[in-house]
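Take a look at the structure below.
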Amino acid sequence: MATRTVIDPLTRIEGHLRIELESEAGRISKAWSETTQFRGIEQIVTGRDPRDAWAFVQRICGVCTTVHAIASVSAVENAIGSNPPEQARLIRDIVLGSQEVQDHVIHFYHLHALDWVNVPSAAKADPAKAVELAKAIGSTWKGNTLERFTEVRDTVQGVLDSGQLSIFTGGYWDHPDYRLPAEANLMAVAHYLDALEFQRSMIRIGTVFGGKNPHPNFLVGGMACTIDPNRSESINQVQTDQIQQWIDESVDFVRSCYLPDALAILSFYPDYFDVGASTPNFFAVGMSGATFAGNPNESRTTSAHTAVKPGVIMNMDLTRVQPFDPAKITEWVSSAWYEYSGGDIGLTPDKGETTVKYTGPKPPFTWLGDNDEYTWCKAPRYDGKPMQVGPLARVLLAYAQGHARTKELVDGAIAKYKITAAQLNSTAGRTLARCVECVTSVELLAEEVWPKFLANIKAGDIDVFDSSKWDPSSWPAGRASGYAFVEVARGNLSHWVSIENGKVAHYQAVVPTTWLAGGRDAAGTQGPYEESLAGNGKHPLADPKQPLEPLRTIHSFDPCMSCAVHVLDPDGETLEVVNS
Amino acid sequence: MPAELSGWVEPTLEENLARAGFGRRDFMKYCGELAAIFAVGVPTFANASQANAASMTAEVIAEKLGSATKPVVVWLQLQECTGCMESALRSGGTTIEEAVLGLLSVNYNELVMQAAGEAANKALEEANASEHVLVVNGSVPTRDGGIYCTIGGESAETILRKSAEKATAILAVGACAVWGSVQASNPNPTGAVGVDAIITDKPVVNVAGCPPIGEVITATIAYVLTHGELPKLDAEGRPLFAYDQRIHDSCPRRAHFDAGQYVRSFDDEGARNGWCLYEVGCKGPSTFSACPIIKWNLGTNWPIGAGHPCIGCTEKYFYDRFTPFYQTLPDVGGFGVESTAEKVGWGLVGAVAAGVAVHAGVTAVRHAASRRAAEGSEPLQAFGDSERVWLPNPKRVTEPTDAAASGTAISNDESGKAE
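Just so you know, the protein sequences line up as chains A and B, in that order.
If you want the numbering used here, it's the 1-based position in the first sequence plus 396.
If you want the numbering used here, it's the 1-based position in the second sequence plus 9.
Here you go:
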């Protein structure tokens, strides 16, 4: 007799995700990934000035802030033939890089860590032993002091004593599968707090260029922030000195705190390299930060790890990276609350339709999984197959192409955990890959992108705006279309725009979490979240009242649900709603 | 060394802070910073002969804050993008402020809480059963029976109503919670509305912005705890301490506006010299926010400081009323134009001068009244008429510019009456 479990709200993610499960004898047998929010932003941006579009679509997500804006301005530039100067592109790379690093850090410590770390246990720790532990795992973080750990232990004790647990209220703290010793829990809680401080500091890099965060400002044709080493109202030595300091702090935090923490915590959960395997197919257009205005096989606009090319890995075959063909992307609505005029088929993004056809129950409801349609999320497929995107896909792509630093980090982990590369397709593997990528991203920022930007300033290159295509009269006559691919924190993002008479005629975004959170397609093939939970019938769920194990697996994907659901209505059709 | 959430062991905040290693001096430093933020509203308070904000010294704040007890907070996220939570997480910078986060017991917030599913819903029910402070991010989609945003199988509207029932203070944080923001923009496919369109029997504090400044979010909560009442609000329900000044009046580039020195292209001499962004579409003259005063992300910068025009994100319906974003506001002349700019600015935000006298008891009904009053002035009809318009936008030129916005406002009012 199967037990039914509903996880809604699935917390510590961006947005609203509902997971429904059936389990027997402590193993998950069926899973449904259900997205429960819809906003329709692409419909709203249609008919607007394309130079404004970034400000609308940036609000697709405030966690992935900046990335949709950068994809949008890049797509519009591709359509109108604008060429942002190199320094403007480097500024976007810097903003994108710093966003991604802080995003991965926040995900690990504030969204994912409490799946592995037992907060109340930290109160029982011996701070002196925690200092020893930190040293033993190779953590050289400056916060690993007896004073600090004692202070944090007392703080945890104070929260427990008060009886008011705040964000820890109702937590699964008695779950038998929390495995860290008290000292490791204490160290992790201390670093959780340090990471809060870290992210506040790191995001200031983007604020220098974009004026605020979340949702900094961007500009079609370049950037609005001027650079001039000899003017106080432009970015000069004062700001670059500050940024240098924040970048140095970031490198230090990622290497001395995040990396050793992730490696150490996963070493207590090695069996999670055998849990959560999802579809063995992956694609990316490069390593994180790779941006292309137009076809990824032809045009690259960033300096992010140019040696790693776009590619597709099928069936976990790392010996054969296949070329990436954007034309093979289709989206299905078989399990979603939409209908296509041509029936239950896959449509390419440039021909995408979104007509709402809600067939679910009126809220309040208790179970959606019995319905054929159960989500607001479409199901993208590549060459008809579900795909994993994100840090794991990019790390595998870089690994398969022999990227030296990635190989060093991945091979080190493979040796440490005595696993095979194939086992990286797992809950622990995705969490590991995110950390590996954070290291290569922060090093790219510190060692290549930022120095190049400074060297260009020294050489007198301070141009950040292509004014030649600002005025709409300079745009191509008739319909102009463009698109951009960007590798962002959660995976491959593409924006597609068509412009007519100076207005957005068509807008579409294909978003990482859509690839991952989408449901079943016409063939009944599960989406990647579903596959990771119910793909082999072995995923643990010890206590359906405390669904800690599936939370670990879903969090390993870093869901971003506001990103996942978007609607395009190129013809301005009204939404049709059919309530069952 | 960064501080941590302070454990709540002693009866009062100050004693808890002392226990956590923060001396009286640290505490007073924090209160001094709060006082500086509150003091943004001083001139208005003084003019209106309201409570004299100048008396809100660090000492007074210290006395009130130090004796506060730890209230339960329900922090909802409805139809939104999580940008407001991210902004709140980025508030602060002094170690003492981190500690003050321990002021609250945030028993329900989806982004940060450990529990999920049933356990999370139980935490919400228990918090809702007693008095609590309600913070809301996100809008409420009202179309089609609430299908466009459900949590735990319930509609966003039901969740909001249940959580508001015993709330002692309701803070709508961010443009979505205030008026629906981007998803409420034309054609508003999901019928998104703000909190005060649903909760009409209690005052709602509108912490405006897309997102609001992190420090403003946390200071609004601290204000409520310090004063034991809601902050003084403007006609839009926004706290005066952060929204009484027009960006145009506080802007460090104002002198360039008065001198007729404008940026005309983002790479010209004016841009490099920090001249006024009015001609490239700055909405500072029609936007009320303390951005130039508080700035963003530990005072690092602010949008105009980074060379980009203000898009007016603290004003209702800005995605419809203030777009195209790079289009110049109506020409308000060159030298000595304070009075004209003043009129245009006030008119464009749909507020009237009397609005500042509206006290803390302002309700959604009063919001609606002032919105209706503002509709009569139709200031936005002039919006598309400027000679400096670069991009004809048929939607905005051929129709009354604020038709969509007014329509939404009216439907908000109607849903309020249906209560």
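Using N, Cα and C, we set each Cβ at its ideal position, and we do this for glycine too.
The model shown is predicted, which means the values in this text are computed figures rather than measured ones.
Residue i CB to nearest chain A CB: under 8 Å?
i, result
"E134/B", "no"
"F275/B", "yes"
"E127/B", "yes"
"D35/B", "no"
"E23/B", "no"
"A124/B", "yes"
"E324/B", "no"
"A315/B", "yes"
"V202/B", "no"
"I179/B", "no"
"A27/B", "no"
"F266/B", "no"
"Y157/B", "yes"
"Y328/B", "yes"
"L85/B", "no"
"C260/B", "no"
"L169/B", "no"
In terms of residues, what are the limits of the alpha helix (DSSP H) holding residue i?
i, result
"P776/A", "Looking at the DSSP string, P776/A is not in any alpha helix (DSSP H); the run it does join, the beta strand (DSSP E), is A775 to Y778."
"L6/B", "The requested residue 6/B is not part of the displayed model; chain B covers only 10 to 428."
"W188/B", "A184 to W188"
"T636/A", "Q633 to F649"
"N581/A", "A578 to M598"
"I741/A", "Premise fails: I741/A is in no alpha helix (DSSP H) and is neither H nor E."
"Y795/A", "P787 to A796"
"H141/B", "Counting along the chain, H141/B falls outside any alpha helix (DSSP H), though it belongs to the beta strand (DSSP E) covering H141 to N146."
"V225/B", "G223 to H236"
"R978/A", "Residue 978/A is absent from the structure shown; chain A starts at 397 and stops at 976."
Apart from the five residues on each side of it in sequence, which residues of its chain come closer than 7 Å, Cβ to Cβ, to residue i?
i, result
"G321/B", "K292, S295, T296, F327 and F331"
"D489/A", "G685, T698, S699, A700 and V845"
"I623/A", "Q483, S630, I631, I853, I858 and V860"
"A789/A", "F678, F679, A680 and G887"
What residue range does the beta strand (DSSP E) around residue i cover?
i, result
"G707/A", "G707 to I709"
"Y117/B", "S114 to Y117"
If distances are taken between C-alpha atoms only, which option among the options comes closest to residue i?
i, options, result
"F434/A", "H611/A, I895/A, T771/A and S628/A", "T771/A"
"E89/B", "L239/B, Y252/B and C219/B", "C219/B"
"S148/B", "G161/B, Q86/B, N137/B and G126/B", "Q86/B"
"T401/A", "Q498/A, W763/A and V791/A", "W763/A"
"L286/B", "R273/B, E278/B and S298/B", "R273/B"
"D939/A", "R423/A, N821/A and G739/A", "R423/A"
"S663/A", "S429/A, V832/A and Y813/A", "Y813/A"
"T702/A", "R455/A, E883/A, H412/A and W892/A", "E883/A"
"D570/A", "S517/A, D859/A, W537/A and A824/A", "S517/A"
"S139/B", "I313/B, A173/B and K211/B", "A173/B"
"V459/A", "P610/A, A658/A, Q904/A and V806/A", "P610/A"
"E945/A", "E482/A, P572/A, P787/A and G914/A", "P572/A"
"T461/A", "P480/A, Q498/A, E430/A and W428/A", "Q498/A"
"R84/B", "D35/B, I207/B, R33/B and N137/B", "Residue identity differs from the one stated: residue 84/B is Trp in this sequence, not Arg. Of D35/B, I207/B, R33/B and N137/B, the residue nearest in Cα terms is N137/B."
"T726/A", "A930/A, V907/A and D445/A", "V907/A"
Could you check whether the Cβ of residue i sits closer than 8 Å to any Cβ belonging to chain B?
i, result
"R408/A", "yes"
"G411/A", "yes"
"C621/A", "yes"
"R753/A", "Position check: residue 753/A holds Lys in this sequence, whereas Arg was assumed. With 8 Å as the cut-off, K753/A does not count as an interface residue toward chain B."
"G738/A", "no"
"S494/A", "no"
Going by beta carbon distance, what residues of the same chain come within less than 8 Å of residue i, once the five residues before and after it are set aside?
i, result
"Q192/B", "Q88, S148, P150, C185, P198, T199 and A201"
"S275/B", "Checking the sequence, you will find Phe at residue 275/B rather than Ser. V289 and G316, listed in sequence order."
"T816/A", "I810"
Excluding the 5 residues flanking residue i on each side, which residues of the same chain have their C-beta closer than 6 Å to its C-beta?
i, result
"V367/B", "Caution is warranted here: a pLDDT of 30 is assigned to V367/B, below 50, making its placement in the model unreliable, and the coordinate value is therefore given only provisionally. Closer than 6 Å at Cβ, skipping near neighbours: A244."
- Unbroken stretches of the alpha helix (DSSP H), 4 residues or longer, contained in the segment 432 to 511 of chain A: Considered as a whole, the segment 432 to 511 of chain A harbours 437 to 441, 449 to 453, 463 to 476 and 482 to 502 as its complete alpha helix (DSSP H) runs of no fewer than 4 residues, in chain order.
- Message: In chain order, what are the residue ranges of uninterrupted alpha helix (DSSP H) at least 4 long that sit wholly in the segment 290 to 350 of chain B?
- Response: Those alpha helix (DSSP H) runs which fall completely within the segment 290 to 350 of chain B and span 4+ residues are 300 to 303 and 327 to 330.
- Curious, which full-length alpha helix (DSSP H) runs of at least 4 residues does the segment 869 to 926 of chain A contain? If only uninterrupted alpha helix (DSSP H) runs of at least 4 residues are considered, those enclosed by the segment 869 to 926 of chain A are 908 to 913.
- Whole alpha helix (DSSP H) elements within the segment 666 to 716 of chain A, 4-residue minimum: Those alpha helix (DSSP H) runs which fall completely within the segment 666 to 716 of chain A and span 4+ residues do not exist here.
- Every unbroken alpha helix (DSSP H) within the segment 801 to 854 of chain A, with a cutoff of 4 residues, ordered by chain: If we require 4 residues or more, the alpha helix (DSSP H) runs fully inside the segment 801 to 854 of chain A come out as 823 to 840 and 846 to 854.
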